[in-house]
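**Student:** Just so you know, the protein sequences line up as chains A and W, in that order. For the first sequence, position 108 matches number 107 in numbering that gives the first Met the number 0, and the numbering has no gaps at all. For the second sequence, position 14 matches number 13 in numbering that gives the first Met the number 0, and the numbering has no gaps at all.
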Amino acid sequence: MWVYEKKLQYPVKVTSCNPTLAKYLIEQYGGSDGELAAALRYLNQRYTIPDKVIGLLTDIGTEEFAHLEMIATMIYKLTKDATPEQLKEAGIADHYVNHDSALFYHNAAGVPFTASYIAAKGDPIADLYEDIAAEEKARATYQWIINMSDDPDLNDSLRFLREREIIHSQRFREAVEILKEERDRKIFF
Amino acid sequence: MNSKNTNQKSYVPYHSPYDPCPPIGKKFYSTPPNLYMGFQPYNLPQYSPKEALMKGTLWPAFYDYYENPYEKRR
Numbered sequence: 000m001w002v003y004e005k006k007l008q009y010p011v012k013v014t015s016c017n018p019t020l021a022k023y024l025i026e027q028y029g030g031s032d033g034e035l036a037a038a039l040r041y042l043n044q045r046y047t048i049p050d051k052v053i054g055l056l057t058d059i060g061t062e063e064f065a066h067l068e069m070i071a072t073m074i075y076k077l078t079k080d081a082t083p084e085q086l087k088e089a090g091i092a093d094h095y096v097n098h099d100s101a102l103f104y105h106n107a108a109g110v111p112f113t114a115s116y117i118a119a120k121g122d123p124i125a126d127l128y129e130d131i132a133a134e135e136k137a138r139a140t141y142q143w144i145i146n147m148s149d150d151p152d153l154n155d156s157l158r159f160l161r162e163r164e165i166i167h168s169q170r171f172r173e174a175v176e177i178l179k180e181e182r183d184r185k186i187f188f
Numbered sequence: 000m001n002s003k004n005t006n007q008k009s010y011v012p013y014h015s016p017y018d019p020c021p022p023i024g025k026k027f028y029s030t031p032p033n034l035y036m037g038f039q040p041y042n043l044p045q046y047s048p049k050e051a052l053m054k055g056t057l058w059p060a061f062y063d064y065y066e067n068p069y070e071k072r073r
């Protein structure tokens with residue numbers, strides 16, 4: 000069960016009406032290394048992982064939904080009052096004819112979200128290594144979006160999200176260490 | 000970051016005389032602090048709660064500000 004707080008994890012401000020940036024950001028919404036994929040991946044894996052790290056997957060999976068909500072807000076703000084003509088210039092006319100300015104789970108190239116973006120192998124090490132890789136890929140994606148963006152307020156929020164990916168990666172790495180260590184093993188003579 | 004590790008690395012990709020685009024020069028990649036930390040040590044210095052909420056981490060040792068590395072070269 001979840002408790003919803005009706006506020007964003009970090010403020011989302013957008014300086015200029017720039018639907019082109021929305022086109023890039025949708026990668027983190029419905030893309031393979033996006034926030035939706037992350038949330039679903041962790042919240043699903045937690046049923047078949049040792050007890051010691053279930054809570055970590057619950058916490059991080061939950062936070063990913065808070066990030067998803069921030070990305071949604073960014074995309075919404077960037078396209079809110081854009082005319083069809085502006086959306087066309089931004090290269091998202093094909094999105095418009097299907098969805099108007101509604102959000103949808105697809106990546107920056109328009110490929111719809113699929114469950115094959117995520118994995119659950121049932122092997123704790125394999126799954127945690129996948130999670131670490133996912134965090135690093137999401138971090139890199141944020142870097143590429145920041146490199147493409149000239150919106151200072153938007154970049155500020157993106158930097159926050161990138162920093163969270165670093166922390167999540169750190170925690171998954173620690174989870175691997177917890178599962179590897181033999182400190183509590185009984186020694187028989 | 001408090002260690003000797005840098006959080007950004009670069010390399011110069013080979014540029015053939017037949018490559019059509021002008022050479023990009025350096026390619027950059029991030030190597031953030033989490034790659035070097037292992038288990039987080041106890042009693043690391045902390046930001047104030049308010050500052051931590053804005054930075055995205057409670058510990059300066061994990062903070063890694065990112066700027067487009069290709070922009071400052073111009």
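Beta carbons: idealized from backbone N, C-alpha and C, even for Gly.
(1) Using a threshold of 8 Å, state whether the C-beta atoms of K22(A) and I91(A) are closer than that.
(2) Thinking just about the alpha-carbon of each residue, which of Q85(A), M147(A), I117(A) and I166(A) is nearest to the one in E66(W)?
(3) Can you list, in chain order, the residues of its chain with a C-beta nearer than 7 Å to that of Y62(W)? Leave out the 5 residues immediately preceding and following it.
(4) Give the DSSP-derived three-state secondary structure of S15(W) in the structure shown.
(5) Return the CA-CA distance between H105(A) and Y10(W), expressed in angstroms with no decimal places.
(6) Going by other Cβ atoms of all chains shown within 10 Å of its Cβ, with 16 needed for buried, is V11(A) buried or exposed?
(7) Does M0(W) come out as helix, strand or coil in the three-state DSSP assignment?
(8) Contact check, I25(A) vs I74(A) under 8 Å by CB: the rounded distance?
(9) Could you name the residues of the same chain whose beta carbon sits closer than 7 Å to that of Y71(A), not counting the 5 residues immediately before and after it, in chain order?
(10) Give the range of the beta strand (DSSP E) segment to which Q7(W) is assigned.
(11) For F159(A), collect the residues of the same chain with a Cβ closer than 6 Å to its Cβ; drop the 5 residues on either side in sequence, then sort them by chain order.
(12) Assuming contact is defined by CB atoms lying nearer than 8 Å, are M69(A) and L153(A) in contact in what I supplied?
**Tutor:** Inspection of the coordinates gives the following:
(1) Looking up residue 22(A) in the first sequence gives position 23. Looking up residue 91(A) in the first sequence gives position 92. Cβ distance < 8 Å, so K22(A) and I91(A) count as in contact.
(2) What you label residue 66(W) is simply residue 67 of the second sequence in a count that begins at 1. The candidate whose alpha carbon is nearest that of E66(W) is M147(A).
(3) As a first step, residue 62(W) must be located in the second sequence, where it is residue number 63. Residues K54 and T56 of the same chain have their beta carbon placed closer than 7 Å to that of Y62(W), with the five preceding and five following residues left out of the count.
(4) Taking the first residue of the second sequence as position 1, residue 15(W) is located at position 16. Assignment of S15(W) by DSSP, reduced to helix, strand and coil, places it in the coil class.
(5) In the first sequence, counting from the first residue as 1, residue 105(A) sits at position 106. In the second sequence, counting from the first residue as 1, residue 10(W) sits at position 11. For H105(A) and Y10(W), the distance between alpha carbons rounds to 33 Å.
(6) Residue numbering aside, residue 11(A) sits at position 12 when the first sequence is read from its first letter. Counting Cβ neighbours within 10 Å, V11(A) comes out buried, since at least 16 surround it.
(7) Here residue 0(W) refers to the residue found at position 1 when the second sequence is read from its first residue. Only weak support is given to the placement of M0(W): the predicted model assigns it a pLDDT of 44, under 50, and the value that follows is read from those uncertain coordinates. Under the three-state reduction of DSSP, M0(W) is assigned to coil, being neither helix nor strand.
(8) In the first sequence, the residue the question calls residue 25(A) occupies position 26. In the first sequence, the residue the question calls residue 74(A) occupies position 75. The C-beta separation of I25(A) from I74(A) comes to about 6 Å, placing the pair in contact by the 8 Å criterion.
(9) For the purposes of this step, residue 71(A) is taken as residue 72 along the first sequence, with counting starting at 1. Here residue 71(A) is Ala; the residue named in the question, Tyr, does not match the sequence. Closer than 7 Å at Cβ, skipping near neighbours: Y28 and L102.
(10) Locating residue 7(W) in the second sequence gives position 8, counting from the first residue. Note, Q7(W): beta strand (DSSP E), Q7 to Y10.
(11) Start at 1 with the first residue of the first sequence, and residue 159(A) comes out as number 160. Excluding the 5 residues flanking it on each side, F159(A) has same chain C-beta neighbours closer than 6 Å at Y9, in chain order.
(12) For the purposes of this step, residue 69(A) is taken as the residue at position 70 of the first sequence. For the purposes of this step, residue 153(A) is taken as the residue at position 154 of the first sequence. With respect to L153(A), M69(A) sits apart: the two C-beta atoms are not nearer than 8 Å.
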